[in-house]
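Below is one structure, written out as structure tokens, with a few remarks after it.
Number of protein chains: 2
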Amino acid sequence: MNSPRLPMVESAHYPAGVPATTPYLAVDVARVRRNLGRAAERAAASGVSLRPHAKTHKSPELAWLQLQAGAVGVTVATIGEAEVFARHRVDDILIAYPLWVDRRAADRLRDLMTRARVIVGTDSVPGAAALGRFLGHTPLEVLVEVDSGHHRTGCPPEDAGEIAAAAHRAGVDVRGAFTFPGHSYSPDALRTAAEDERRALAVAADSLRAAGIEPRVVSGGSTPSLEASLDDPGPLTELRPGVYAVGDAQQWELGTMGPEELALTCRTTVVSNAGGRAVVDAGSKILGADRAPYSSGFGRVPEREEARIVMLSEHHAVIDWAGTPPPPGTVIDIVPNHACNAVNLVDTLYVDHAGDVREWPVAARGHNS
Amino acid sequence: MNSPRLPMVESAHYPAGVPATTPYLAVDVARVRRNLGRAAERAAASGVSLRPHAKTHKSPELAWLQLQAGAVGVTVATIGEAEVFARHRVDDILIAYPLWVDRRAADRLRDLMTRARVIVGTDSVPGAAALGRFLGHTPLEVLVEVDSGHHRTGCPPEDAGEIAAAAHRAGVDVRGAFTFPGHSYSPDALRTAAEDERRALAVAADSLRAAGIEPRVVSGGSTPSLEASLDDPGPLTELRPGVYAVGDAQQWELGTMGPEELALTCRTTVVSNAGGRAVVDAGSKILGADRAPYSSGFGRVPEREEARIVMLSEHHAVIDWAGTPPPPGTVIDIVPNHACNAVNLVDTLYVDHAGDVREWPVAARGHNS
């Protein structure tokens, strides 16, 4: 976090402090610290550990802010992301993914274990057998992934014990279960998804116990369901929110974060008023193309809540401004719909530290495997 | 293109020639060459130049294949992309974008002009004035962007002369007009968009002539409208297709390219059969999150045309296989919906040259400004 001050743009059209040609992603670190602090306090009060998902930011600097705020480790989605964070001295890493392990993946995990505690997921007997074949009797820890209603990966919760037993027989150290209640990404499902998560994890924990394995880790969490899970953690020992650190337009529109909590914006320049609208130089190649069914557009403009981003190309966003649009040359901020995919499009985050602009590398960008 | 042979994966689950841990993007260069050759032949027969849009591939190797096939230069969307291609000895570059130029952008363009012919767009009198203020009386060439029905950027075609005259007064060398008929991205609009393009460019050319400026470049093109524009180019002197080189699921589903022409695939591994489906390790962080209204899902599986990608997360795609899904460990190919955004997510394309796998850097990835 010891980055040089950046040269400022000279044009009168640019506000002071614009460190680069637009479009670029900016982070308000004071807001990040507030978001992290609030979640840490709530988790401590609920007796639940936080293991934030670092796929959201892919930034070692941000991961370290999370660890300093009390997180027990980080969550990632791929071996490649784990390697990056381990190189940056993060030494407790959950790869919350049902890895299909072959020799190459096993070699990488073995190397990773020399630098960090490593926990991975599995959701099937064949997957558990592959883990045992290549990595049995190593320090690798495993959690069984269960489906709590998102219907992506994860076994039925009542099957967790069978998979855990297969893993155990193959020499794998099963520590518990995890789920991702991703169906929380719907305005009506924030609390019901948390209920589903509690119920599924309770069933999974019982299933593990029936198979003779005491679940020491019972892990859940998503940003939309975070508050509800903290209100009533049930069997949860750990939560893995990701977006909560920086927020995005999805969280704003789901009602889980307010505009004053959103810490990640895309700074962009109006390049055209064609058609009486504001067309800016940010498109899907920096905002991401995500658009959830409940989204009002392809991102949001905090300074103009009535504005709607009605059209997105790779390097254009067309904004119905709901009034006279700002003229070409005006710099505005857009909050991306989905922080995780926007961050993964850039190599650098421009971070405002009380007026100083620092560069944070998106060190784990593109580490998809 | 002088890359080393890559180490092969040893697992019996992987087919020979898999150069890396999945997911990764693979290119079939024989198909690319056929796609380029066919377009070049058709363009030559129609008397139209090709200036392919390099934002699709961001690869100097692929740009050079296009130039070797007769392209007059390349098109890009940003100054940053132009800088990358100029560094790779591409010396004729159109930035098909209504740039809003400030001092920093002007300095970069000035530097670029020492290495390449540089053409940029403008779509307003203020934009033209800014170009003149910072870059008047330089070798910079300018095309007026007109709106032919996509309703993104571009002035009304009949206003082209007024903008060109303003640019000319400001010391800018106006060479003609361009448009992007992006409304061709609809199954019913392939031919009508080409008609709109011809009509708009004819009006723009007349408007330039009325302002005393002879249009030497009249530029259009998109992949969906390419065939129709080549059938009847009207006033067009140049076409700028991008996706035609590699294809994608959008082109397949629009009916403009057949599966045997698609040269870009995401190689991915089945990691789970949860819910009786195939869940693979490719998600929006390598396929992109694009999903057009006419798309059948989040990409297509050529080996199983009935399969539908029904759900996409950052590192998971859930495939309804329409039959018994392949077991975990199976490697399959997915054609991304939108090639341009998928390529922009990786640093390397793995290119099959008759069995040899070479690495092509995605050198212009992330150059958004």
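Going down the list, the sequences are from chains A and B.
In terms of numbering that gives the first Met the number 0, the first sequence is residues 0 to 368.
In terms of numbering that gives the first Met the number 0, the second sequence is residues 0 to 368.
Using N, Cα and C, we set each Cβ at its ideal position, and we do this for glycine too.
Values in this document were obtained by computation on a predicted structure and should not be read as measured data.
So for A188 (chain A), helix, strand or coil by DSSP?
Coil, per DSSP.
Can you name the residues of chain A whose CB is closer than 7 Å to the CB of A379 (chain B)?
Any answer about residue 379 (chain B) is impossible in this case: the structure gives chain B only from 0 up to 368.
Give me the Cα-Cα distance between T267 (chain B) and D106 (chain B), rounded to the nearest whole angstrom.
Between T267 (chain B) and D106 (chain B), the C-alpha separation is close to 43 Å.
Along chain B, which residues have their Cβ under 9 Å away from the Cβ of W359 (chain A)?
Near W359 (chain A) there are no residues of chain B at all, since even the closest Cβ is about 15 Å away, more than 9 Å.
Taking C-alpha atoms, which residue in A:V143, A:A163, A:H136 lies nearest to A176 (chain A)?
Closest option to A176 (chain A), Cα to Cα, is A:V143.
Can you check whether the C-beta of R190 (chain A) is within less than 8 Å of a C-beta belonging to chain B?
Taking Cβ atoms only, chain B never reaches closer than 8 Å to R190 (chain A), which makes this a no.
Give me the chain A residues within the contact set of H150 (chain B), using Cβ-Cβ distance strictly less than 7 Å, ordered along the chain.
The contacting residues are G274.
Per the contact definition of three or more C-beta pairs closer than 8 Å, is the stretch 347-361 of chain B in contact with the stretch 18-25 of chain B?
Judged by Cβ distances under 8 Å, the stretch 18-25 of chain B makes contact with the stretch 347-361 of chain B, as three or more pairs qualify.
For the 8 Å Cβ check, are there 3 or more pairs between the stretch 171-189 of chain A and the stretch 124-137 of chain A?
Segments in contact, yes.
Out of A:T152, A:I162, A:D158, A:A81, state which residue places its alpha-carbon closest to the alpha-carbon of V141 (chain A).
The residue with the shortest Cα to Cα distance from V141 (chain A) is A:I162.
Which residue marks the beginning of the beta strand (DSSP E) containing I94 (chain B), and which one marks its end?
First-last of the beta strand (DSSP E) with I94 (chain B): 91-97.
For the alpha helix (DSSP H) that G175 (chain A) lies in, which residues bound it at each end?
Where G175 (chain A) is concerned, there is no enclosing alpha helix (DSSP H), although the beta strand (DSSP E) it sits in stretches over 172-177.
Counting only beta-carbon atoms, is M310 (chain B) nearer than 8 Å to chain E?
In the displayed structure, chain E is absent; the protein chains listed are A and B.
Go ahead and label G36 (chain B) buried or exposed: buried means 16 or more other beta carbons lie within 10 angstroms of its beta carbon, across all protein chains shown.
Its Cβ having fewer than 16 others within 10 Å, G36 (chain B) is exposed.
What is the DSSP secondary structure of D320 (chain A), counted as helix, strand or coil?
Before going further, note that residue 320 (chain A) is Trp rather than Asp in the sequence given. DSSP places W320 (chain A) in coil when its eight states are reduced to three.
For T268 (chain B), which residues in chain A fall below 7 Å Cβ to Cβ?
Neighbours of T268 (chain B) on chain A, chain order: W99.
Are the stretch 304-318 of chain A and the stretch 278-285 of chain A touching, with three or more C-beta to C-beta distances below 8 Å?
The stretch 304-318 of chain A vs the stretch 278-285 of chain A: in contact.
Could you give the DSSP three-state label for V53 (chain B): helix, strand or coil?
Going by the sequence as given, residue 53 (chain B) is Ala instead of Val. In this structure, A53 (chain B) counts as coil in the three-state DSSP scheme.
Against V345 (chain B), what residues of chain A qualify as contacts under a CB-to-CB distance less than 8 Å, listed in chain order?
The answer, in chain order, is G365, N367.
Does chain B have any CB closer than 8 Å to the CB of R4 (chain A)?
Caution is warranted here: a pLDDT of 34 is assigned to R4 (chain A), below 50, making its placement in the model unreliable, and no coordinate value can be reported.
So, is the C-beta of I285 (chain A) closer than 8 Å to a C-beta in chain B?
Yes, because at least one Cβ of chain B sits closer than 8 Å to the Cβ of I285 (chain A).
Answer with yes or no whether the minimum CB distance from A15 (chain A) to chain B is below 8 Å.
Any reading at A15 (chain A) is ruled out, since the residue's pLDDT is 47, under 50, leaving its predicted position unreliable.
Look up Y349 (chain A) in the DSSP assignment and say whether it is helix, strand or coil.
Of the three classes helix, strand and coil, the one that applies to Y349 (chain A) here is strand, per DSSP.
Specify, as a first and last residue, the run of the alpha helix (DSSP H) that A29 (chain B) falls within.
Here the alpha helix (DSSP H) through A29 (chain B) covers 28-45.
Could you list the residues in the stretch 117-128 of chain B with a C-beta less than 8 Å from some C-beta on chain A, going in chain order?
Under the 8 Å Cβ criterion, the stretch 117-128 of chain B contributes D122, S123, P125, G126.
Strictly by DSSP, which residues pair up with L311 (chain A)?
Answer is A:A316.
For Q67 (chain B), is the classification buried or exposed, using 16 other Cβ atoms within 10 angstroms of its Cβ as the cut-off for buried?
By the 10 Å Cβ count, Q67 (chain B) comes out exposed.
Go ahead and label P6 (chain A) buried or exposed: buried means 16 or more other beta carbons lie within 10 angstroms of its beta carbon, across all protein chains shown.
Its pLDDT being 36, under 50, P6 (chain A) is placed unreliably in this model, and the value from its coordinates should be taken loosely. It counts as exposed.
Going straight from the alpha carbon of S2 (chain B) to that of R357 (chain B), what length do you get?
Bear in mind that a pLDDT of 33 at S2 (chain B), under 50, signals an unreliable position, so the number given afterwards is only what the model happens to contain. About 5 Å.
Taking the alpha carbon of S218 (chain B) as the reference point, which residue from B:I94, B:H366, B:E260, B:R276 has its own alpha carbon closest?
The shortest C-alpha separation from S218 (chain B) is found at B:I94.
Count the other C-beta atoms from every protein chain shown that fall within 10 angstroms of the C-beta of H371 (chain A), then say buried if there are 16 or more, exposed otherwise.
Only positions 0 to 368 of chain A appear in this structure, which leaves residue 371 (chain A) out of reach.
Assuming V269 (chain B) contacts P325 (chain B) under a Cβ cut-off of 8 Å, what Cβ separation, rounded to an integer in Å, is found between them?
That belief holds up - the Cβ atoms of V269 (chain B) and P325 (chain B) are roughly 5 Å apart, short of 8 Å.
Which one or two residues does DSSP pair with S271 (chain A) in a beta bridge?
DSSP output for S271 (chain A) lists A:V278 as bridge partner(s).
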